[in-house]
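> Starting off with a structure, shown below.
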């Protein structure tokens, strides 16, 4: 009888230990999941701000193009390139929930192309003193300078949020929880050659 009692007690202890281990693991998974979700949500607000800043630039471009056209109508190739780049960039609208690496790369490439063509457009003004002296053009340049600064600031905030998120989904053992629920690394904004060169707003 004593042996049978010991066996039951041993099985109960083993079952209890397994239950405690599973409970601890469950709590860890639950807490890790919540932290990853919070970090994921923290990326979405900066992303919306980045898109809004780029939209401001896109909204400014038609006025800028029209003003330049008034003084340099024969620079049609450059003007067309800017308009086409703007059109391509504004056609890419990515919801934060759909922000995978491929979509992000397309978005950045399109925006960098806008920066590159804007750089060519702003270079045109050097050949037209009347354009540089135009009050409306000067005002547009001031606005563009402010928007470019805003874009840079919003990108930095976004990158910081992505870094916090990526640390969670990469580091062991939370990376196991991240994989379990389908969370993966997010991309950063990188300073491309076009972004480094354009647009330089100087007088």
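In the working numbering, the protein residues as written are -10 to 192. Idealized CB from N, CA, C, for every residue including glycine.
Check residue 101 in the structure and name its three-state DSSP category.
Looking up residue 101 in the chain shown gives position 112. Reduced to three states, the DSSP call for residue 101 is helix.
> What three-state label does DSSP hand residue 84 in the structure shown?
In the chain shown, the residue the question calls residue 84 occupies position 95. If DSSP states are grouped into helix, strand and coil, residue 84 belongs with coil.
> So what's residue 93 in DSSP terms, helix, strand or just coil?
Position 104 of the chain shown, counted from the first residue, corresponds to residue 93. In the three-state scheme derived from DSSP, where H, G and I count as helix and E and B as strand, residue 93 is classed as helix.
> Looking at the unbroken alpha helix (DSSP H) that takes in residue 170, where does it start and where does it end?
Residue numbering aside, residue 170 sits at position 181 when the chain shown is read from its first letter. Per DSSP, residue 170 belongs to no alpha helix (DSSP H) and is neither H nor E.
> Is residue 27 helix, strand or coil when you go by DSSP?
Counting from one through the chain shown, the residue named residue 27 turns up at place 38. Reduced to three states, the DSSP call for residue 27 is helix.
> Please report the distance separating the alpha-carbon of residue 184 from that of residue 161.
One-based indexing of the chain shown puts residue 184 at position 195. One-based indexing of the chain shown puts residue 161 at position 172. In this prediction, residue 184 has a pLDDT of 47, which is less than 50 and means its spatial position is unreliable; nothing more can be read from the coordinates.
> Does the pairing of the region 63 to 83 with the region 164 to 171 give three or more beta-carbon distances under 8 Å?
no
> Going by C-alpha distance, which of 38, 27, 50 is nearest residue 133?
In the chain shown, residue 133 corresponds to position 144, counting from 1. Among 38, 27, 50, the Cα nearest to that of residue 133 belongs to 50.
> Could you say which of 155, 135, 48 lies nearest to residue 31 if we only look at CA atoms?
Numbered from its first residue, the chain shown carries residue 31 at position 42. Of the candidates 155, 135, 48, the one whose C-alpha sits nearest the C-alpha of residue 31 is 155.
> Could you compute how far the alpha carbon of residue 175 sits from the alpha carbon of residue 77?
Counting from 1 along the chain shown, the entry for residue 175 is found at position 186. Counting from 1 along the chain shown, the entry for residue 77 is found at position 88. Distance between the alpha carbons of residue 175 and residue 77: 23 Å.
> Compute the beta-carbon to beta-carbon distance between residue 47 and residue 75, rounded to the nearest angstrom, for a pair I have assumed lies under 8 Å.
For the purposes of this step, residue 47 is taken as residue 58 along the chain shown, with counting starting at 1. For the purposes of this step, residue 75 is taken as residue 86 along the chain shown, with counting starting at 1. Correct: roughly 5 Å between the Cβ atoms.
> Between which residues of its own chain and residue 42 is the CB-CB distance below 6 Å, once the five residues before and five after are set aside?
Position 53 of the chain shown holds residue 42. Excluding five sequence positions before and after residue 42, the CB atoms of its chain that fall closer than 6 Å to its own CB belong to 139, 140, 143, given in chain order.
> Could you check the C-alpha separation between residue 95 and residue 8 for me, to the nearest Å?
Numbered from 1 along the chain shown, position 106 holds the residue referred to as residue 95. Numbered from 1 along the chain shown, position 19 holds the residue referred to as residue 8. Straight-line Cα distance between these residues: approximately 48 Å.
> To the nearest angstrom, how far is the alpha carbon of residue 21 from that of residue 28?
One-based indexing of the chain shown puts residue 21 at position 32. One-based indexing of the chain shown puts residue 28 at position 39. Taking the straight line from one Cα to the other gives about 11 Å.
> Within its chain, find whatever has a CB closer than 7 Å to the CB of residue 56; leave out the 5 residues flanking it on each side and keep chain order.
For the purposes of this step, residue 56 is taken as the residue at position 67 of the chain shown. The residues are 123, 125, 126, 129.
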